[in-house]
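For reference, the structure discussed in these notes is given below.
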Amino acid sequence: MSALSTAGGGTSQTRTTSHDQASESSSVRVTPARVATVRSYLMCRPDYFTVSYRINPWMDPAVPTDTGLAVRQWQSLYDTYRQLGHDVQLIDQIEGLPDMVYTANGGFVIDNRVYGASFAYPERQPEGPAFMDWFRAHGFDVTEPQHVNEGEGDFLLVGNTVLAGTGFRTSTQSHDEVERVFDREVVTLSLVNPNFYHLDTAIAVLDPVTNTENANIAYLPSAFDSASLAILESRYPDAILVSEEDSTVLGLNSISDGYNVVISSRAKGFEAQLRERGYNPIGVDLSELLLGGGGVKCCTLELRR
Numbered sequence: 036m037s038a039l040s041t042a043g044g045g046t047s048q049t050r051t052t053s054h055d056q057a058s059e060s061s062s063v064r065v066t067p068a069r070v071a072t073v074r075s076y077l078m079c080r081p082d083y084f085t086v087s088y089r090i091n092p093w094m095d096p097a098v099p100t101d102t103g104l105a106v107r108q109w110q111s112l113y114d115t116y117r118q119l120g121h122d123v124q125l126i127d128q129i130e131g132l133p134d135m136v137y138t139a140n141g142g143f144v145i146d147n148r149v150y151g152a153s154f155a156y157p158e159r160q161p162e163g164p165a166f167m168d169w170f171r172a173h174g175f176d177v178t179e180p181q182h183v184n185e186g187e188g189d190f191l192l193v194g195n196t197v198l199a200g201t202g203f204r205t206s207t208q209s210h211d212e213v214e215r216v217f218d219r220e221v222v223t224l225s226l227v228n229p230n231f232y233h234l235d236t237a238i239a240v241l242d243p244v245t246n247t248e249n250a251n252i253a254y255l256p257s258a259f260d261s262a263s264l265a266i267l268e269s270r271y272p273d274a275i276l277v278s279e280e281d282s283t284v285l286g287l288n289s290i291s292d293g294y295n296v297v298i299s300s301r302a303k304g305f306e307a308q309l310r311e312r313g314y315n316p317i318g319v320d321l322s323e324l325l326l327g328g329g330g331v332k333c334c335t336l337e338l339r340r
């Protein structure tokens, strides 16, 4: 994987040519300049991480977990963000809520406004109020949800459009709520593969800056029904299509600052695709946290002030 590139100096432009490079007239593909921007994230140290129940296909209480290893792997992700120059805020984990480490599910934030989470499974429902309390204490304008949703797990901001997932966790009624709260276009996408039960396991936002024209994504085509796939193909014709192999190590569950893309260290094909497009992939090992069904993005909630 590539070395870290700080947000202060994160620009890159690459040129690639066809195999007939000896010919001056051969086709040339110029990759747009990729610019890193400083981001702000919310994370939760997994001091009480374990897998004691099963609410997704990745979880198996019979498989032992190592809390110390989970903390060390989480720390490497935290350290990566800090080395890239990003701001990282922390919420304390509550004992008995092992999945709080997956902060992406705790809400959806745009312009200092938060649409709170209302979790589908009883095991995680106490997290919703805990996250909303944190947001209020830190000066955010919080809207309590009326419908089931799992925050940024199923709501992804791409340019000015919110891509909204449904099928396993988040209700379509919450999509209407998000549209009202943020006054932005919301596009519903239906997930069909239970291994990719949140939208952020099947789509990666590569250009995270609000108002970015032609903001791009990467996604796993087989995670969506035919109507949703047609929407993605129409809206994002230049998207990176990621393999099943890379997706099953949660390679798409990644975080981008516009240039540096933090991904699973095992997603080798996705790494190469990103580099070809002018991004700087940075691999981290979160294999212990994968036992709970989460990766890089799951452990990271973006705080858009």
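Taking this note's numbering, the leading residue of the sequence shown gets 36, the next gets one more, and so forth. All C-beta atoms, glycine included, are put in the ideal place defined by N, C-alpha and C.
- Nearest neighbour of Phe154 by Cα position, chosen from Pro180, Ala172 and Tyr83, turns out to be Pro180.
- Annotation: the region 72-140 contains the following complete segments of the alpha helix (DSSP H) (minimum length 4 residues), in chain order: 102-118.
- Counting C-beta atoms within 10 angstroms of its own C-beta, Leu267 has 16 or more neighbours from the protein chains shown and is therefore classed as buried.
- Taking the Cα positions, Thr72 is about 6 Å away from Asp292.
- Closest option to His233, judged by alpha-carbon separation, among Leu285, Phe84, Asn147 and Arg339: Leu285.
- As far as DSSP is concerned, Asp242 takes part in no beta bridge.
- Relative to Arg339, the option among Ile145, Ala97, Trp109 and Ile238 whose CA is nearest is Ile145.
- Within 10 angstroms of the beta-carbon of His173 lie fewer than 16 other beta-carbons, which makes it exposed.
- Listed as beta-bridge partners of Ala199 by DSSP are Phe190 and Thr223.
- Straight-line spacing of the CA atoms in Met94 and Leu325 works out to 8 Å.
- Nearest to Gly329 by C-alpha distance, out of Ala265, Ile317, Ser278 and Cys79, is Cys79.
- Rounded to whole angstroms, the gap between the alpha carbons of Tyr294 and Asn91 is 31 Å.
- For Gln110, the number of other beta carbons within 10 angstroms of its own is below 16, and it is reported as exposed.
- Under the DSSP definition of a beta bridge, Val319 partners with Ser299.
- C-alpha of Gly142 to C-alpha of Gly131: approximately 20 Å in a straight line.
- When rounded, the separation of the alpha-carbon atoms in Ser269 and Val70 is 25 Å.
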